[in-house]
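The working numbering numbers the first residue of the sequence shown as 1 and each following residue consecutively. All C-beta atoms, glycine included, are put in the ideal place defined by N, C-alpha and C. Just so we're clear, the structure is a prediction, and the values are computed from it rather than from any experiment.
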Amino acid sequence: MTATVIERKWHTTAEVAQMLGYGLSKTKMLVLTGEIRSVKDGRNRRILPRWVDEYIERLAREAEQEWSA
Numbered sequence: 001m002t003a004t005v006i007e008r009k010w011h012t013t014a015e016v017a018q019m020l021g022y023g024l025s026k027t028k029m030l031v032l033t034g035e036i037r038s039v040k041d042g043r044n045r046r047i048l049p050r051w052v053d054e055y056i057e058r059l060a061r062e063a064e065q066e067w068s069a
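Take a look at the structure:
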């Protein structure tokens, strides 16, 4: 019998804060301002892994533009 591994489809705000090394309040503010996209699931916010990647890529692009200017 083979075991099935279920990959996470989305993350909580707290999980994203931990992944980014940010505090929970900063991460919640990024979500509320739309810097990090999220969906409302009942009373909770959920964040797709690709949305975290988009946020990181946008920060990296902005940093590269600042350094090349």
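Do the CB positions of residue i and residue j come within less than 8 Å of each other?
i	j	result
Ile36	Ile47	yes
Ser38	Val31	yes
Thr27	Ala17	yes
Met19	Val52	yes
Consult DSSP for residue i and reduce its assignment to one of helix, strand or coil.
i	result
Val5	coil
Ile56	helix
Arg43	coil
Determine the burial state of residue i: buried for a count of at least 16 other Cβ atoms within 10 Å of its Cβ, exposed for fewer.
i	result
Val5	exposed
Thr13	buried
Arg61	exposed
Based on the DSSP output, what are the partners of residue i in its beta bridges?
i	result
Ile36	Beta-bridge pairing links Ile36 to no other residue.
Thr13	Answer by DSSP bridge pairing: none, since Thr13 is not bridged.
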